[in-house]
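These notes concern the structure reproduced below.
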Amino acid sequence: DNKDKPFFLYWPTTVPHVALQVPDDSLNEYIGKFDDPPYPGGKGYIPHFKPKAAYAAMITRMDREIGRLMMLITELGLDDDTIFVFVSDNGPLNGTHQGLAGTDCEFFNSNENRRDGKGTLYEGGIRSPGIVRWKGKIKAGSVSDHVTGFEDWMPTLAELVGAKEKSSSSSDGISFAATLLGEKQPEREFLYREFHGYGGQQSLRMGDWKLLRMNLMSSGKAKAKATLSEELYNIATDPAETKNVAAEHPDLVAKMKAIMAAQRTPSADFPMAVLDQ
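So the number in the numbering used here is just where the residue sits in the sequence shown, counting from 1, plus 228.
Right, dumping it as structure tokens:
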């Protein structure tokens, strides 16, 4: 209906989110391919007699539906004028949530050997797919290690479609359009994250360094100070975040904590005892 004028399509599929459920025509493609004991259900999640097969089938079905959409764009002759973006909201159910609802993300290596998963600010929780296709503009098969956050998408897309001046000046986002187009671009000075869940967490990525602070919502001042955890990792040499080197770099930790403090906006809805006292 919109092929003759500019359009925006947002497809927020929940596949392969739990619960495990997929039509039989997709499930049957994977029956018998795995050692796959049944999942009996629990914690509000429905059972499934072939959980690994279901998970694989959900991903395959998602991939197939994306392919149908891309084929339609090609058939309409809109390839050169259409930007495809594929992203995920968070990491998989590795680590803390391993086995939840019958999933087995360790078996599928869903976090590519990064630490932990959804609900944490370790790489397994916040590193997620980012794939962009724009025929004739973005080089096919190109890969970039440019660090970005979700807030960067709006200014990036605005610049790509020629509406850079309409991007909000109050946004924390930084366009990475130049990177997508194969041009050189300065790295982000830092990427800050905080999460109210799982005890309260902060992280700061600055170059190859990443600082995490956890247990920021512990009740009571003494308890909060006693349980506060600070971890520093070099993501370039230790992508799995296995060696905490905070004690070896106190000046760097102090610098990164100062940036965290400047980025934090106190909130009555999302208090963190250690930060707001």
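Heads up, the beta-carbon is just placed ideally off N, CA and C, and yes, glycines get one too. Since this is a predicted model, take the numbers as computed values, not measurements.
What first and last residue would you give for the alpha helix (DSSP H) that runs through Glu334? Translated into positions along the sequence shown, residue 334 becomes position 106. Membership of Glu334 in the alpha helix (DSSP H) is indicated by the continuous run Cys333 to Phe336.
Which residues mark the beginning and the end of the beta strand (DSSP E) in which Ile294 is found? For the purposes of this step, residue 294 is identified with residue 66 of the sequence shown, where counting begins at 1. Here Ile294 belongs to no beta strand (DSSP E); instead the alpha helix (DSSP H) covers Pro279 to Glu303.
In whole angstroms, what separates the C-alpha of Ile301 from that of Tyr238? Counted from its first residue, the sequence shown places residue 301 at position 73. Counted from its first residue, the sequence shown places residue 238 at position 10. Each residue's alpha carbon lies about 14 Å from the other.
From the DSSP output, in three-state form, read off Leu408 for me. Against the sequence shown, residue 408 aligns to sequence position 180. Helix at Leu408.
Would you decide whether Asn322 is buried or exposed? Buried here means 16 or more other CB atoms lie within 10 Å of its CB. Start at 1 with the first residue of the sequence shown, and residue 322 comes out as number 94. That one is buried.
Counting along the chain, where does the beta strand (DSSP E) carrying Val313 start and finish? Position 85 of the sequence shown, counted from the first residue, corresponds to residue 313. Val313 -> beta strand (DSSP E) spans Phe312 to Val315.
Trp437 in three-state terms, based on DSSP: Looking up residue 437 in the sequence shown gives position 209. In the three-state reduction of the DSSP assignment, Trp437 falls in the strand class, which pools E and B.
Beta-carbon proximity check, Met445 vs Ala501, cutoff 8 Å: To locate residue 445, count along the sequence shown from 1; it is residue 217. To locate residue 501, count along the sequence shown from 1; it is residue 273. Yes.
Hey, out of Met382, Glu422, Val243 and Tyr426, whose CA is closest to Ser403's CA? Residue 403 sits at position 175 when you count from the first residue of the sequence shown. Out of Met382, Glu422, Val243 and Tyr426, Met382 has the C-alpha closest to the C-alpha of Ser403.
Taking 8 Å as the threshold (C-beta atoms), are Tyr283 and Ala247 in contact? The residue you call residue 247 lines up with position 19 of the sequence shown. The residue you call residue 283 lines up with position 55 of the sequence shown. Cβ distance not < 8 Å, so Ala247 and Tyr283 don't count as in contact.
Terminal residues of the alpha helix (DSSP H) in which Val481 lies: Here residue 481 corresponds to residue number 253 of the sequence shown, with the count starting at 1. Where Val481 is concerned, the enclosing alpha helix (DSSP H) stretches over Pro478 to Gln491.
Can you grab the Cα-Cα spacing for the pair Gly377 / Leu419, in whole Å? Along the sequence shown, read from residue 1 onward, the residue named residue 377 stands at position 149. Along the sequence shown, read from residue 1 onward, the residue named residue 419 stands at position 191. Straight-line Cα distance between these residues: approximately 7 Å.
One or two residues paired with Met584 in a DSSP bridge: Residue 584 cannot be examined here, being either before or after the span of the chain that is shown, 229 to 505.
From the DSSP output, read off the bridge partner residues of Asn462. Taking the first residue of the sequence shown as 1, we reach residue 462 at position 234. Asn462 is bridged to Trp437.
Hey, could you find the ends of the beta strand (DSSP E) Glu379 is sitting in? For this step, residue 379 is matched to residue 151 along the sequence shown. Note, Glu379: premise wrong, no beta strand (DSSP E); not H, not E.
For Glu319, count neighbouring Cβ atoms within 10 angstroms of its own Cβ and tell me buried if that reaches 16, exposed if not. Here residue 319 refers to the residue found at position 91 of the sequence shown. Residue 319 is actually Gly in this sequence, not Glu. By the 10 Å Cβ count, Gly319 comes out buried.
Taking the beta carbon of Leu304 as the centre, do at least 16 other beta carbons fall within 10 Å, making it buried, or is it exposed? By one-based count along the sequence shown, residue 304 stands at place 76. With fewer than 16 other Cβ atoms within 10 Å, it is exposed.
Would you kindly check if the distance between the Cβ of Glu459 and the Cβ of Leu432 is under 8 Å? Here residue 432 refers to the residue found at position 204 when the sequence shown is read from its first residue. Here residue 459 refers to the residue found at position 231 when the sequence shown is read from its first residue. Not closer than 8 Å, so no.
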